[in-house]
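For the protein sequence lines, the chains are A and B, in the order given.
To convert a position in the first sequence, counted from 1, into the numbering used here, add 813.
One point on numbering: in the numbering used here, the residue at position 115 of the second sequence is 97, and numbering is uninterrupted.
Ideal placement from N, C-alpha and C gives every residue a C-beta, glycine not left out.
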Amino acid sequence: MKSGEPGALVTTLEKALTWGRSNSIWPLTMGLACCAIEMMGTQASQLDISRFGSEIFRNSPRQSDLMIVAGTVTKKMAPRLKRLYDEMPFPKYVIAMGVCVIQGGPYVHGYSVVLGVDRVVPVDVYVPGCPPTPEALTYGIMTLQKKIRGETDR
Amino acid sequence: MTADDSGQPNRGKDGRTIFNVDRDKLLEFMKGMKEKGYDHLSLITGVDRKDFIEVVYHLHAVERNEYVVVKTTTNNGVVPSVTSLWSSAKWEEREQYDLMGIKFEGHENLKRIFLPESWVGHPLRKDYDLGNVQYINMDSDGEDYATFDEGDGW
């Protein structure tokens, strides 16, 4: 392999596109409850998801590719969440972070909580935990990157 | 547990002073407490005791750093409003009206603060039927409305 001759990098357009796409996922600031603290920890210097291309949290849905739904989705918030999701440009992805977002969590018998954000928007990756550790969310983002690149998570 | 309107305070489990005040004398008593230096109304809560409703006021004297609790009871869910003494009671009383169905006589704008106006019932009451699930959706004007139709809201 180390012949010293200049080689050629051969790839398909599809692969190049998904590689670029998976390494530039900008998340939308969607911290709804306590999971948002762990999401901030994921973004902060120690774990730093910008190593994986998720540079900065955007405050506008027009500039973001990924919605990390971090925290309990109440019935009152659900129409707003749907509206923000609709305002995001394609291709767009959703990570459901924490058990409240996945199926209602400790509020499953309550009157005010949506039993799973997948009733509102389609979800790509579920990150369980109450709250999930920043490492778990980082793993969730890496899993999403693999999904975008079309790899299986093995 | 009933209110004795002797005006003598009890001690709570945590050592906090508790006054049990008759509903008719509440406003007068609260005016006296404000003059004694309890200038901060930190919390209003409601307790559904099935036969009657208890309304609990947590008062704080900021300069002396003293907390006291004032309790009153009502059979028909009506208590006098203390908004004339503490303006912060406006939202606190609206919250209690929204979730507990306590009506505060003399409140200038007593309507729901969290739930949509069309929500049926007060969810923190013991007789609220959790099996009859309600959903929230937003109309084209951005106004929330509650519905029993699962297909309409979340």
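When DSSP labels each residue in this structure, what does Ile84/B get in the three-state scheme? Locating residue 84/B in the second sequence gives position 102, counting from the first residue. In this structure, Ile84/B counts as coil in the three-state DSSP scheme.
Along the chain, where does the alpha helix (DSSP H) containing Phe865/A start, and where does it finish? If you number the first sequence from 1, residue 865/A lands on position 52. No alpha helix (DSSP H) contains Phe865/A, which DSSP labels as neither H nor E.
Helix, strand or coil for Val930/A, going by three-state DSSP, please let me know. If you number the first sequence from 1, residue 930/A lands on position 117. Reduced to three states, the DSSP call for Val930/A is helix.
Of the choices Phe34/B, Glu17/B, Trp136/B, Phe1/B, whose alpha-carbon is the least far from that of Lys108/B? The sequence position of residue 108/B within the second sequence is 126, counting from 1. Of the listed residues, the one whose Cα sits closest to Lys108/B is Phe34/B.
Mind listing which residues of the segment 846 to 880 of chain A have their C-beta closer than 8 Å to chain B's C-betas, in chain order? none
Candidates Asp(-4)/B, Thr(-1)/B, Asp123/B: which alpha carbon is nearest Arg981/A's? Since the first residue shown for chain A is 814 and the last is 967, residue 981/A is missing from the structure and cannot be characterised.
Only counting runs of 3 or more residues, tell me where the beta strand (DSSP E) segments fall wholly within the segment 18 to 55 of chain B, in order along the chain. 22 to 30, 35 to 43
With a threshold of 8 Å, are at least 3 pairs of Cβ atoms found where one atom belongs to the segment -11 to 8 of chain B and the other to the segment 878 to 886 of chain A? no
Beta-carbon proximity check, Glu99/B vs Phe86/B, cutoff 8 Å: Counting from 1 along the second sequence, the entry for residue 99/B is found at position 117. Counting from 1 along the second sequence, the entry for residue 86/B is found at position 104. Not closer than 8 Å, so no.
Using the C-alpha atoms, what's the distance from Arg864/A back to Ile95/B? The residue labelled residue 95/B in the question sits at position 113 within the second sequence. The residue labelled residue 864/A in the question sits at position 51 within the first sequence. Distance between the alpha carbons of Ile95/B and Arg864/A: 43 Å.
Val938/A and Leu957/A: beta carbons closer than 8 Å? The count along the first sequence starts at 1 and reaches residue 938/A at position 125. The count along the first sequence starts at 1 and reaches residue 957/A at position 144. Cβ distance < 8 Å, so Val938/A and Leu957/A count as in contact.
Write down every uninterrupted run of the alpha helix (DSSP H) in the segment 881 to 950 of chain A whose length is 4 residues or greater and which is fully enclosed by it, in chain order. 891 to 900, 912 to 916
Proximal chain B residues relative to Val927/A, where beta-carbon distance stays under 7 Å: Translated into the one-based positions of the first sequence, residue 927/A becomes position 114. The answer, in chain order, is Trp136.
Cβ of Pro62/B less than 8 Å from any chain A Cβ? Within the second sequence, the letter at position 80 stands for residue 62/B. Cβ-Cβ to chain A under 8 Å: no for Pro62/B.
Counting Cβ pairs closer than 8 Å, one from the segment 871 to 880 of chain A and one from the segment 832 to 845 of chain A, do we hit at least three? yes
Enumerate in chain order the residues of its own chain whose CB-to-CB distance from Cys913/A is below 6 Å, with the five nearest sequence positions on each side excluded. Residue 913/A sits at position 100 when you count from the first residue of the first sequence. Thr885, listed in sequence order.
Could you spell out where the beta strand (DSSP E) holding Ala128/B opens and where it closes? Along the second sequence, one-based indexing puts residue 128/B at 146. Following the DSSP letters along the chain, one finds Ala128/B inside the beta strand (DSSP E) bounded by residues 126 to 129.
What are the residues in the segment 927 to 947 of chain A lying within 7 Å of chain B by C-beta distance? Val927, Arg932, Val933
Select from Glu827/A, Asn836/A, Ile862/A, Met853/A the residue whose C-alpha is nearest the C-alpha of Lys959/A. Locating residue 959/A in the first sequence gives position 146, where the first residue counts as 1. Selected option, being the one with the closest Cα: Asn836/A.
Quick one, are the C-beta atoms of Thr179/B and Val3/B less than 8 Å apart? For residue 179/B there is no data in the structure shown, the boundaries of chain B being -17 and 136.
How about Leu8/B and Val61/B: are their beta carbons less than 8 Å apart? Taking the first residue of the second sequence as 1, we reach residue 8/B at position 26. Taking the first residue of the second sequence as 1, we reach residue 61/B at position 79. Taking 8 Å as the Cβ cut-off, Leu8/B and Val61/B qualify as a contacting pair.
Rounded to the nearest angstrom, what separates Asp(-14)/B and Gly917/A at their Cα positions? Indexing the second sequence from 1 puts residue -14/B at position 4. Indexing the first sequence from 1 puts residue 917/A at position 104. Note on Asp(-14)/B: pLDDT 49, under 50, position unreliable in the model; the coordinate value appears next. C-alpha separation (whole angstroms): 42 Å.
Helix or strand or just coil, what does DSSP make of Arg76/B? To locate residue 76/B, count along the second sequence from 1; it is residue 94. Helix at Arg76/B.
Interface flag, Lys889/A vs chain B, CB-CB below 8 Å: Taking the first sequence and counting its residues from 1, one reaches residue 889/A at position 76. For Lys889/A, the answer is yes, since a Cβ of chain B falls inside 8 Å of its Cβ.
Please report how far the alpha carbon of Ile961/A lies from the alpha carbon of Thr831/A, in whole angstroms. Reading the first sequence from its first residue, position 148 is the one you call residue 961/A. Reading the first sequence from its first residue, position 18 is the one you call residue 831/A. Approximately 6 Å between the Cα atoms of the pair.
Rounded to the nearest angstrom, how far is the Cβ of Ser63/B from that of His89/B, given a contact under 8 Å? Translated into positions along the second sequence, residue 63/B becomes position 81. Translated into positions along the second sequence, residue 89/B becomes position 107. About 4 Å; that satisfies the 8 Å criterion.
Between Tyr39/B and Ile954/A, what straight-line distance do the alpha-carbon atoms span, to the nearest angstrom? Along the second sequence, read from residue 1 onward, the residue named residue 39/B stands at position 57. Along the first sequence, read from residue 1 onward, the residue named residue 954/A stands at position 141. Distance between the alpha carbons of Tyr39/B and Ile954/A: 46 Å.
Run through the DSSP bridge pairs and tell me what Val61/B is partnered with. Indexing the second sequence from 1 puts residue 61/B at position 79. Partner(s): Phe86/B.
Interfacial residues, the segment 106 to 119 of chain B to chain A, with Cβ spacing under 8 Å: Tyr110, Leu112, Val115, Gln116, Tyr117, Ile118, Asn119
Note the first and the last residue of the continuous alpha helix (DSSP H) segment covering Thr831/A. Residue numbering aside, residue 831/A sits at position 18 when the first sequence is read from its first letter. Looking at the DSSP string, the run of the alpha helix (DSSP H) that includes Thr831/A is 826 to 835.
Any beta-carbon of chain A closer than 8 Å to the one on Asp126/B? Stepping through the second sequence from its first residue, residue 126/B is reached at position 144. Chain A, which has a Cβ nearer than 8 Å to the Cβ of Asp126/B, makes this yes.
For Ser30/B, collect the residues of the same chain with a Cβ closer than 6 Å to its Cβ; drop the 5 residues on either side in sequence, then sort them by chain order. Indexing the second sequence from 1 puts residue 30/B at position 48. For the record, residue 30/B in the displayed sequence is Asp; it is not Ser. Within the same chain, Asp30/B has close Cβ partners Arg107, Lys108.
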